[in-house]
Amino acid sequence: MKYVFMLLAGIFSASVLADNHEENGPYYAFYHLQVANPAALVESMDRFWASDCGKQYPADVALSQEIFNGGYPSTHFIINTFQNSTDQAKAAEILRSCPTGIKFLQELQAAGAVPTTQYMGFAPIDVNDWTQDSTFSKFDIIVEPQNQAAYAAAYAEMMQTVAKDVELRSYGLGAIYFGRDQFTHWVWTGASSIPELTAISNQLLAHPAFAKFNAKVGGMRTVVNTSQVQVLKGWAKQ
Numbered sequence: 230m231k232y233v234f235m236l237l238a239g240i241f242s243a244s245v246l247a248d249n250h251e252e253n254g255p256y257y258a259f260y261h262l263q264v265a266n267p268a269a270l271v272e273s274m275d276r277f278w279a280s281d282c283g284k285q286y287p288a289d290v291a292l293s294q295e296i297f298n299g300g301y302p303s304t305h306f307i308i309n310t311f312q313n314s315t316d317q318a319k320a321a322e323i324l325r326s327c328p329t330g331i332k333f334l335q336e337l338q339a340a341g342a343v344p345t346t347q348y349m350g351f352a353p354i355d356v357n358d359w360t361q362d363s364t365f366s367k368f369d370i371i372v373e374p375q376n377q378a379a380y381a382a383a384y385a386e387m388m389q390t391v392a393k394d395v396e397l398r399s400y401g402l403g404a405i406y407f408g409r410d411q412f413t414h415w416v417w418t419g420a421s422s423i424p425e426l427t428a429i430s431n432q433l434l435a436h437p438a439f440a441k442f443n444a445k446v447g448g449m450r451t452v453v454n455t456s457q458v459q460v461l462k463g464w465a466k467q
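Per our numbering, the sequence shown starts with residue 230, numbered consecutively.
Here it is in structure tokens:
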């Protein structure tokens, strides 16, 4: 029991970023869970963020369902958007010491929420406001260090070219600082609905710029998984 509780606490308190990264935020922290009772999870999150401690929590938070995610065991993930490492440290302290924070973690366990993986990083390419979208395609990829700059440049060029012909919403490339045992980067494309995401994806994949991009980066990256994600609810920083 103690081990499970400490594991749940740990998913919300990853190591603080070094000071020299302080001004490079925002940072995105992903906590993937296998959830047996999604309604109970939402209720617990509502209670915590309505509490005095929750109102002090220094991050924008969203709960998303992984509609399709291949063989990943997770069913949902919670994403925290921290503006700097000071906010991340404060969030960890709230969940370690605040009574309602501790109760929230206990309720996660009681609801059958099992942590599966966690990672945190920043997005060197982060175009348009993804919080205005509700549905996403997400690609988990591995890009070796010697290829990362070239891959990012090729991706940015491709999306800028596609945007001239396709009405894109949010999109970006994220790089993982901590928790990169499975992949090093994630790529996302956002939409306001599943039909819109399908339309955007089809147009993007059929665009000549994508074929050019794919030929250029085919040897630079390995696609680990692709997933379709839908945001269920968000809790804004107060």
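Using N, Cα and C, we set each Cβ at its ideal position, and we do this for glycine too.
Since this is a predicted model, take the numbers as computed values, not measurements.
Nearest candidate by alpha-carbon position, reference residue i, set the options
| i | options | result |
| --- | --- | --- |
| Tyr400 | Val356, Glu386, Lys441 | Val356 |
| Ser293 | Gly330, Gln467, Gln459 | Gln459 |
| Ser273 | Ala318, Ala258, Tyr286, Leu337 | Leu337 |
| Thr329 | Ile405, Ala268, Phe442, Gly283 | Gly283 |
| Trp278 | Tyr256, Val372, Ala258, Lys332 | Lys332 |
| Gln312 | Met387, Tyr286, Leu262, Ala265 | Tyr286 |
| Gln375 | Ala318, Pro255, Thr413 | Thr413 |
| Met388 | Lys319, Phe368, Phe442 | Phe442 |
| Ala385 | Ile323, Val416, Lys319, Gln411 | Val416 |
| Asn431 | Gly299, Pro267, Ala321, Ser366 | Ser366 |
| Gly254 | Ala440, Arg398, Phe368, Gly350 | Gly350 |
| Ser314 | Tyr406, Leu426, Asn454, Glu425 | Tyr406 |
| Ala352 | Ile323, Gly403, Asp369 | Gly403 |
| Ala288 | Gln335, Lys319, Arg398, Ile354 | Lys319 |
| Lys466 | Ser280, Thr390, Gln335 | Ser280 |
| Arg398 | Thr390, Gln411, Asp410, Glu425 | Glu425 |
| Tyr256 | Ile354, Pro267, Asn454, Asn266 | Ile354 |
Local Cβ density within 10 Å of residue i, reported as buried at 16 or more and exposed below that
| i | result |
| --- | --- |
| Lys462 | exposed |
| Ser456 | buried |
| Ile307 | buried |
| Ile296 | exposed |
| Glu251 | Its pLDDT being 48, under 50, Glu251 is placed unreliably in this model, and the value from its coordinates should be taken loosely. Answer is exposed; the Cβ neighbour count stays below 16. |
| Asp316 | buried |
| Val452 | exposed |
| Ala258 | buried |
| Ala383 | buried |
| Gly299 | exposed |
| Arg209 | Examination of residue 209 is not possible in this model, given that the chain is present from 230 through 467 alone. |
| Ala440 | exposed |
| Ala444 | exposed |
| Ala378 | exposed |
| Asp369 | buried |
Residues near residue i by beta carbon distance below 6 Å, same chain, minus five either side
| i | result |
| --- | --- |
| Val290 | Asn309, Trp464 |
| Gly408 | Gln347, Tyr348 |
| Val264 | Leu270, Thr304, His305, Ala342 |
| Ala428 | none |
| Asp327 | Checking the sequence shown, residue 327 turns out to be Cys, not Asp. Excluding positions up to five away in sequence, the list reads Cys282. |
| His261 | Ser303, Phe306, Thr345, Thr346 |
| Asn454 | Gly299, Asp369 |
| Tyr301 | none |
DSSP bridge partner residues for residue i (one or two, in chain order)
| i | result |
| --- | --- |
| Arg409 | Note: Arg409 sits in no beta bridge, so no partner. |
| Ala279 | For Ala279, which the question treats as bridged, DSSP gives no partner whatsoever. |
| Met388 | Met388 is not bridged to any residue. |
| Gln377 | None, per the DSSP bridge assignment. |
| Arg398 | Per DSSP, none; premise fails for Arg398. |
| Ala197 | Nothing can be reported for residue 197, as the shown portion of the chain is limited to 230 through 467. |
| Lys367 | Trp417, Ser456 |
| His261 | Phe306, Thr346 |
| Gly403 | Trp415 |
Own chain, CB closer than 7 Å to residue i, minus 5 neighbours either side, in chain order
| i | result |
| --- | --- |
| Tyr380 | Val372, Val446, Met449, Arg450 |
| Ala269 | Ala340 |
| Asp275 | none |
| Asn266 | Ala340, Gly341 |
Residues near residue i by beta carbon distance below 8 Å, same chain, minus five either side
| i | result |
| --- | --- |
| His390 | It is worth fixing the name first, because residue 390 is Thr in this sequence and not His. The answer, listed in chain order, is His436, Ala438. |
Quiz prompt | Meets three-Cβ-pair contact criterion under 8 Å: the stretch 394–402 and the stretch 423–437 | solution = yes
Quiz item: Between the stretch 359–374 and the stretch 415–422, are three or more C-beta pairs nearer than 8 Å?
Solution: Yes, they touch.
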